Amino acid sequence: MDNCIFCKIIQKQAFADIVYEDPNLIAIIPLEQASKGHTLLITKEHIENLFDIDEETLQIVAVGVKKLTKKLVYENKPTGINLLHASGKDAQQSVFHFHIHLVPRYKNDGLDLWIRNKL
Ligand SMILES: [Zn+2]
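First residue of the sequence shown? That's 1 in the UniProt record's numbering, and the numbers climb one at a time after it.
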């Protein structure tokens, strides 16, 4: 995809702080970090979101989440972690290339990412 920033990063045509890479996945530090170690796990294939990802790739993503979690625990010693994902404009997806945020959490870190009842 010509105008996709994640595709450009994967093709090394745009800079990013790459912290993990394998044949299917890449992980980068986002420009805006919610917490120390906040990481984006991205499929190398340009897949828009959950609506079009295939099950095999989603399994690869899940294994990648676990690998990155181990890395984050080793490096930053978080006491918790949140996974954030958006599929679709109305879910606040901003880059239309599949990615998951791993947000390490720490005691008294001041973040509140939990869901509040709106109904
Ligand atoms: Zn892309």
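Glycine is no exception: its CB is placed at the ideal position from the N, C-alpha and C atoms. In this text, all values refer to a predicted model and were calculated from it rather than measured experimentally.
Please classify residue 21: does DSSP put it in a helix, a strand, or coil? Numbered from 1 along the sequence shown, position 21 holds the residue referred to as residue 21. The three-state reading of DSSP puts residue 21 in strand, counting E and B together.
How would you label residue 103, buried or exposed, when you count the other beta carbons within 10 angstroms and need 16 or more for buried? By 1-based counting over the sequence shown, the position of residue 103 is 103. So residue 103 ends up on the buried side.
Expressed to the nearest angstrom, what Euclidean distance is found between the alpha-carbon atoms of residue 6 and residue 28? Taking the first residue of the sequence shown as position 1, residue 6 is located at position 6. Taking the first residue of the sequence shown as position 1, residue 28 is located at position 28. Going by the C-alpha atoms only, they are around 10 Å apart.
For residue 31, is the classification buried or exposed, using 16 other Cβ atoms within 10 angstroms of its Cβ as the cut-off for buried? Start at 1 with the first residue of the sequence shown, and residue 31 comes out as number 31. Exposed.
Proximity winner among 61, 24, 106, relative to residue 78 (alpha-carbon distances): Along the sequence shown, one-based indexing puts residue 78 at 78. That would be 106, whose Cα lies nearest to the Cα of residue 78.
Pairs of beta-carbons, one from the region 9–29 and one from the region 39–55, closer than 8 Å: are there three or more? As far as the Cβ criterion goes, the region 9–29 touches the region 39–55, which means the pair count is three or higher.
Every unbroken beta strand (DSSP E) inside the UniProt domain "HIT" (5–112) [3 residues or more]: Within the UniProt domain "HIT" (5–112), the beta strand (DSSP E) runs of at least 3 residues that lie entirely inside it are, in chain order, 17–21, 25–29, 39–43, 80–84, 99–105.
Segment contact, 8 Å Cβ cut-off, at least three pairs: the region 83–92 with the region 45–53: Cβ pair count under 8 Å is three or more, so yes.
If you draw a straight line from the alpha carbon of residue 81 to that of residue 59, how long is it in whole angstroms? The residue given as residue 81 occupies position 81 in the sequence shown. The residue given as residue 59 occupies position 59 in the sequence shown. Rounded to whole angstroms, residue 81 and residue 59 show a C-alpha spacing of 19 Å.
Contact set for residue 14: own chain, Cβ-Cβ below 7 Å, skip 5 residues either direction: The count along the sequence shown starts at 1 and reaches residue 14 at position 14. Correct list, in chain order: 5, 8.
Cβ distance (whole Å) where residue 20 is taken to contact residue 71 below 8 Å: Sequence index remark: in the sequence shown, residue 20 carries index 20 (1-based). Sequence index remark: in the sequence shown, residue 71 carries index 71 (1-based). Indeed they touch by this definition, with Cβ atoms about 7 Å apart.
For residue 98 and residue 47, believed in contact at Cβ under 8 Å, the rounded distance: By one-based count along the sequence shown, residue 47 stands at place 47. By one-based count along the sequence shown, residue 98 stands at place 98. Indeed, because the Cβ distance is near 4 Å, the residues count as touching under 8 Å.
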